[in-house]
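*Asks:* Okay, here's the structure, questions in a sec.
2 protein chains.
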Amino acid sequence: MGAVSWSHVDWRASVGLVGTVVKYLSGVLLVPLAVGLYYGADAPTFAAAFAITVAIGVALERVDPDPDLGAREGFLMVALTWLLVAIVGTIPYLLAGFLGTESTLAQPTNALFESMSGFTTTGATVMGDISLDRHSHAIMLWRQLTQWLGGMGIVVLAVAILPELSVGGAQLMDAEAPGPGIQKLTPRIAETARVLWLAYLGFTLLEMLLLYGLHLGGLAPNMDLFNAVSHPLTTMPTGGFSPEARSIEAFSAAVQWVIIPFMIAAGTNFALFWHVLNGEPERLFRDTEFRSYAGVIGVLTAVIAGLLFTGIGISANPSAVPPIVGALEDSVRHAAFQIVSIVTTTGYASMDFNTWGAPAKYLLLFAMFVGGSAGSTGGAIKIVRWVVIVKSLRRELFTTVHPEAVSPVRLGGRVIDERALRGIYAFTLLYLVFFFVATMLVVADAWRVGYQVTAFESMSAVAATLGNVGPGFGVVGPMNSYLGFPATSKLLLTFLMWIGRLEILPVLVLLTPAYWRT
Amino acid sequence: MGAVSWSHVDWRASVGLVGTVVKYLSGVLLVPLAVGLYYGADAPTFAAAFAITVAIGVALERVDPDPDLGAREGFLMVALTWLLVAIVGTIPYLLAGFLGTESTLAQPTNALFESMSGFTTTGATVMGDISLDRHSHAIMLWRQLTQWLGGMGIVVLAVAILPELSVGGAQLMDAEAPGPGIQKLTPRIAETARVLWLAYLGFTLLEMLLLYGLHLGGLAPNMDLFNAVSHPLTTMPTGGFSPEARSIEAFSAAVQWVIIPFMIAAGTNFALFWHVLNGEPERLFRDTEFRSYAGVIGVLTAVIAGLLFTGIGISANPSAVPPIVGALEDSVRHAAFQIVSIVTTTGYASMDFNTWGAPAKYLLLFAMFVGGSAGSTGGAIKIVRWVVIVKSLRRELFTTVHPEAVSPVRLGGRVIDERALRGIYAFTLLYLVFFFVATMLVVADAWRVGYQVTAFESMSAVAATLGNVGPGFGVVGPMNSYLGFPATSKLLLTFLMWIGRLEILPVLVLLTPAYWRT
Ligand SMILES: [K+]
Ligand SMILES: [K+]
């Protein structure tokens, strides 16, 4: 981040660096270009998109050819990166519509929604007609790639940039790891990022191999090469986009079982993998956040599996859902898949959980607020914050009885700084306030245009975008889309994906006068 | 509270003191007894209830004839008082059913719900057939009296007991009042309470005079003596019970205008009236909480009035509601009445706000979380906590940009202790978590028995009981009742009224091992 300089906000430096990011991004467009050439569809789209993106990247870089970033510029750069990259990411969608294929994504608001949903790894979609018959392989792959790239960005954001800016739950990881802190893993941020990217890349490739291996072994008839490449691109970033309209329901039980552990890995603090690779796998199970994460997944899976197995969690119309009641493997698999998918904020579905009964659905809505681990690609409030809050509430009760007691909150054997604790409370409350207010705005907007949406559906839409989960319930269910919302609501939800992904504060800070004052 | 003693929990002392409270309570039963004799209905009910209550009070007092209360026993006594008083308060409802009048309140779960709703000044009802044709004047007056007594208890709780136990937003009032703090108003708690009770009593009598004066002046035809006495008994405690099935809609516009300022007074920190009586009314408008309170009411009223006046906030069926659209006085009056009623957590209604459109309804649901002032009889989260949270969030943003800055949060010119700040965050988050979890349980329970209730209705039922507001939306709307819920849900909602009224912590503390350990 360079030397800390508080003299003034050098917005040119931030824009210049975003230009560099956009320039690198343009290189990735060559992949769908190649796929477009191979399948004979949308190659001109990506050739043109490549040219335009390069031009934009170079132009932005010129704003400041030699950027020197202070801490204050860091906030602006982070916020601008996701915003401008999402805007640039719309180019293929818009061009594909312009050059021939009729698509809901040819409309700018929709294109921005889908692009932001990609780069923030949310997975909420306004592609109303997900199908390789309607869209080219190149466009579909680009959609998957936006999430994979977004995930790489989040890894850097979560483990390198946010802690540097002293925001996010990430600074807690330092207190957590009993050995060398995240900052000390490697001396320089670039190297830290490289190590974690290797883990990210390694998991992605391993999942591709396993999925395609299942196909070759006859256990996954429709998991062809395109699907086996596409899905891992959205598993590791906890993204959730799929070229299949019915998500992972389209594939065999074997495929669903293989994807579950990869989603779990994607929601785990990536820094822990560094210890595992160093031959200290026990570090994983000594980590408080990982244990809580595993515990939450285990308990919620058991409850949902019980509901599904006994039929208590199934709606009045059992013929509408696959046979689960009384089928142990089915119940456990669907429960584990959905819970892992929601808690990690991936957003895949192995079945349409809209068909579930109210108790099971409310549990899923509740799970949308849990979130993945700090230092993972998962979104929402994040496990470590909940762990700290529960510990702090216990302390509060204890000191109510023993007002004279001094009782610090500990995590992994270390005392949590009271200032960090306050930051966690502030974030969590801010998150819930945003949730309430945004739900009200979505309801009012839907009411304005006469769009039929229930309170529960609106809440789930807001929770799923702010928490970067993706699908919600009812009209925004896993087999449906956000297409029906008015454009104003779509822009609001796009905004929520953006600030949710950046953990709110780096964006809010930009709105304070103190930020811009010299 | 006597000398602080932490040696062990002397539960006998707590029970003994509750016995004294019950003994005093029995005296109040003589009022409906007299009314029963006058109207010739339910006099035997209250004669028997009086005898039983005296016996219970005396028996409980015998548990510890000379109670010496330490701070730890204070928690137990507070929790037990509201629980046991609510249980004793069911006696008239049960006896009335036993001795003849058919009533939903003859069923024990319902009786407990109604009694707890009374003494916690919630105002949620399971009396399915509110009417003086169906119930005696004596029973109806008892229902009103439970709220008036509950309000007296809350005044003591809020300004004398909770600050002594270092819980509740009340300790902030100290920092707030620039002159003598609440503790210093009068040297002894009993005297503090007496001063505030005088204000409580004075407002009650003044409202009775004004309402009956309107009646005598021909401006309120149906505001007869019984109504003119009954309603002030539930205004000052922000209770909301009414002997009229359609609440304040049953009365003229003049009555509605008169009740509004009394609700506002009921939601104001009672300690401020002490200053007003001492000839320093400007103290009221210098108080940060009062200004925020007035501001919130003003802004929300203006928004709702705008929605009602333009017709944006009215449902598709305008014939179902009184003529508001385009009628300025009607729009302003109904907006002000409903907003003041919900923000102060009174729960009266001047019209059925279920007929409003989604935006206006969501605003009301939102307002249920605001709450009255600390040191008032209002419930929910309370204004002062929100003020402190907003200030603290601003500080959080400022210190994100200026990590080196030391920036305490101030209220009314004084620095708020970081520990008090943490307590406020903890309470607010706990409140929201209880809200979410309880909503899930209500939905699951309703689903179990096939009771049709939407997510929005369930949320409003939980927010209205936990926040001691009273009515919610749909099935629990202001002209409906909580009768349809399964008994398990009613018990849960009764529990929510109880812990909500006691500001959660004094009850939760009892569940910690540290509380009972020597
Ligand atoms: K996602
Ligand atoms: K009330």
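Top to bottom, those sequences are chains A and B. Counted from 1, the first sequence has number 324 at position 324 by UniProt numbering; the numbering is strictly sequential. Counted from 1, the second sequence has number 404 at position 404 by UniProt numbering; the numbering is strictly sequential. For every residue, glycine included, the Cβ atom is placed at its ideal position computed from N, Cα and C.
(1) Could you tell me whether any Cβ in chain B is nearer than 8 Å to the Cβ of alanine 13/A?
(2) Evaluate contact between the region 284-292 of chain A and the region 361-372 of chain A, counting only Cβ atoms and requiring at least three cross-stretch pairs below 8 Å.
(3) Considering only residues of the same chain and omitting the five flanking positions on each side of leucine 95/B, which have a CB-CB separation below 7 Å?
(4) In the structure shown, what three-state DSSP assignment does leucine 411/A receive?
(5) Report all residues from its chain with a CB closer than 7 Å to the CB of glutamine 256/A; omit the five preceding and five following residues, and keep chain order.
(6) CB-CB under 7 Å to leucine 225/A, same chain, minus the five flanking residues each way: which ones, in chain order?
(7) Taking 8 Å as the threshold (beta carbon to beta carbon), is tryptophan 447/B in contact with chain A?
(8) At a Cβ threshold of 8 Å, is histidine 402/B touching chain A?
(9) Determine which residues of the region 482-516 of chain A have a Cβ less than 7 Å from any Cβ of chain B, and write them out in chain order.
(10) Does the distance between the C-beta of glycine 118/B and the nearest non-hydrogen atom of ligand 2 fall short of 7 Å?
(11) Take the Cβ of leucine 411/B as the centre, count every other Cβ of all protein chains shown within 10 Å, and call the residue buried at 16 or more, exposed below.
(12) Strictly below 7 Å CB to CB, what residues from chain B border serine 407/A?
(13) Just the Cα atoms here: how many angstroms apart are serine 460/B and isoleucine 342/B?
(14) Quick one: does the C-beta of glycine 239/A sit closer than 7 Å to a heavy atom of ligand 1?
(15) With H, G and I counted as helix, E and B as strand and the rest as coil, what does DSSP make of isoleucine 416/A?
(16) Are there 16 or more other CB atoms within 10 angstroms of the CB of alanine 405/B, so buried, or fewer, so exposed?
(17) For ligand 2, is there any heavy atom lying closer than 7 Å to the beta carbon of threonine 204/B?
(18) When we look at the beta-carbon of glutamate 503/B and count the other beta-carbons within 10 Å, is it buried (16 or more) or exposed?
(19) Any heavy atom of ligand 4 within a distance shorter than 7 Å of the CB on valine 332/A?
(20) Assuming contact is defined by CB atoms lying nearer than 8 Å, are threonine 90/A and alanine 59/A in contact in what I supplied?
(21) Beta-carbon separation of isoleucine 314/A and glycine 357/A under 8 Å?
(22) Less than 8 Å between the beta carbons of tyrosine 348/A and glycine 240/A, yes or no?
(23) Is isoleucine 424/B helix, strand or coil by DSSP?
(24) Judging by CA-CA distance, which residue of Leu37/A, Ile161/A, Gly151/A is the nearest neighbour of proline 232/A?
(25) Please go through the same chain and pick out, in chain order, the residues whose beta-carbon is closer than 7 Å to the beta-carbon of leucine 210/B, but skip the five residues on each side of it.
(26) Since residue 531/B and serine 331/B should fall inside the 8 Å C-beta cutoff, what is the C-beta to C-beta distance between them, to a whole number of angstroms?
(27) Could you check where the alpha helix (DSSP H) with isoleucine 154/A kicks off and where it finishes?
(28) Can you tell me whether isoleucine 304/B is helix, strand or coil according to DSSP?
(29) According to DSSP, is isoleucine 314/B part of a helix, a strand, or is it coil?
(30) With a cut-off of 8 Å, does the C-beta of arginine 72/B fall near any C-beta of chain A?
(31) Going by the DSSP bridge assignment, what does tryptophan 82/B pair with across the sheet?
(32) What first and last residue would you give for the alpha helix (DSSP H) that runs through phenylalanine 273/A?
(33) Just to check, is the beta-carbon of asparagine 468/B closer than 7 Å to a non-hydrogen atom of ligand 2?
(34) For threonine 235/B, verify whether its CB is less than 7 Å away from any heavy atom of ligand 2.
(35) Can you name, in chain order, every residue of its own chain whose Cβ lies under 6 Å from the Cβ of glycine 16/B, other than the five neighbours on each side?
*Replies:* The short version:
(1) Looking up residue 13/A in the first sequence gives position 13. So no, alanine 13/A is outside the interface.
(2) no
(3) Mapped onto the second sequence, residue 95/B falls at position 95. Taken in chain order, the residues that qualify are Thr45, Ala48, Ala49.
(4) Working through the first sequence from its first residue, we reach residue 411/A at position 411. Here leucine 411/A sits in strand by DSSP.
(5) Mapped onto the first sequence, residue 256/A falls at position 256. Ile248, Arg333, Phe337, Ser350.
(6) For the purposes of this step, residue 225/A is taken as residue 225 along the first sequence, with counting starting at 1. Within the same chain, leucine 225/A has close Cβ partners Tyr212.
(7) Taking the second sequence and counting its residues from 1, one reaches residue 447/B at position 447. Taking Cβ atoms only, chain A reaches closer than 8 Å to tryptophan 447/B, which makes this a yes.
(8) The count along the second sequence starts at 1 and reaches residue 402/B at position 402. At least one chain A Cβ lies under 8 Å of histidine 402/B.
(9) Answer set for the region 482-516 of chain A: Leu505, Leu508, Val509, Thr512, Ala514, Tyr515.
(10) On the second sequence, residue 118/B is found 118 positions in, with the first residue counted as 1. Flag unset: Cβ of glycine 118/B not near ligand 2.
(11) Working through the second sequence from its first residue, we reach residue 411/B at position 411. Classification for leucine 411/B: buried.
(12) Stepping through the first sequence from its first residue, residue 407/A is reached at position 407. Per Cβ cutoff of 7 Å: no residues; serine 407/A is ~10 Å from chain B at best.
(13) The residue labelled residue 460/B in the question sits at position 460 within the second sequence. The residue labelled residue 342/B in the question sits at position 342 within the second sequence. Near 12 Å, if we compare the C-alpha coordinates of isoleucine 342/B and serine 460/B.
(14) Start at 1 with the first residue of the first sequence, and residue 239/A comes out as number 239. Because some heavy atom of ligand 1 lies under 7 Å away, the Cβ of glycine 239/A counts as near it: yes.
(15) Indexing the first sequence from 1 puts residue 416/A at position 416. Note: isoleucine 416/A maps to coil in three-state DSSP.
(16) For the purposes of this step, residue 405/B is taken as the residue at position 405 of the second sequence. Classification for alanine 405/B: exposed.
(17) Locating residue 204/B in the second sequence gives position 204, counting from the first residue. False, no ligand heavy atom lies under 7 Å from that Cβ.
(18) Residue mapping note: residue 503/B aligns to position 503 of the second sequence, counting from 1. Buried, by the Cβ-count rule.
(19) Although ligand 4 was asked about, the structure shown includes only ligand 1 and ligand 2 as ligands.
(20) As a working mapping, residue 90/A is identified with position 90 in the first sequence. As a working mapping, residue 59/A is identified with position 59 in the first sequence. Cβ atoms of threonine 90/A and alanine 59/A: not closer than 8 Å.
(21) Your numbering for residue 314/A matches position 314 in the first sequence. Your numbering for residue 357/A matches position 357 in the first sequence. Yes.
(22) To locate residue 348/A, count along the first sequence from 1; it is residue 348. To locate residue 240/A, count along the first sequence from 1; it is residue 240. It is a contact, given that the beta carbons lie within the stated cut-off.
(23) Start at 1 with the first residue of the second sequence, and residue 424/B comes out as number 424. Note: isoleucine 424/B maps to helix in three-state DSSP.
(24) Working through the first sequence from its first residue, we reach residue 232/A at position 232. It is Gly151/A.
(25) As a first step, residue 210/B must be located in the second sequence, where it is residue number 210. Hits under 7 Å: Val258.
(26) Here chain B covers residues 1 to 518 and nothing more, so residue 531/B does not appear.
(27) Here residue 154/A corresponds to residue number 154 of the first sequence, with the count starting at 1. According to the DSSP assignment, isoleucine 154/A belongs to the alpha helix (DSSP H) that extends over 137-156.
(28) By 1-based counting over the second sequence, the position of residue 304/B is 304. Looking at isoleucine 304/B - three-state DSSP - the assignment turns out to be helix.
(29) Numbered from its first residue, the second sequence carries residue 314/B at position 314. Of the three classes helix, strand and coil, the one that applies to isoleucine 314/B here is strand, per DSSP.
(30) On the second sequence, residue 72/B is found 72 positions in, with the first residue counted as 1. Yes - at least one Cβ of chain A is within 8 Å of the one on arginine 72/B.
(31) Taking the first residue of the second sequence as 1, we reach residue 82/B at position 82. Answer by DSSP bridge pairing: none, since tryptophan 82/B is not bridged.
(32) Walking along the first sequence from the start, residue 273/A turns up at place 273. Residues 270-277.
(33) As a first step, residue 468/B is located in the second sequence; it is residue number 468 there, counting from the start. Flag set: Cβ of asparagine 468/B near ligand 2.
(34) Taking the second sequence and counting its residues from 1, the one referred to as residue 235/B is at position 235. No, the beta carbon of threonine 235/B sits no closer than 7 Å to any heavy atom of ligand 2.
(35) As a position in the second sequence, residue 16/B is number 16, starting the count at 1. So the list reads Glu61, Val63, Asp64, Pro67, once near-sequence residues are dropped.
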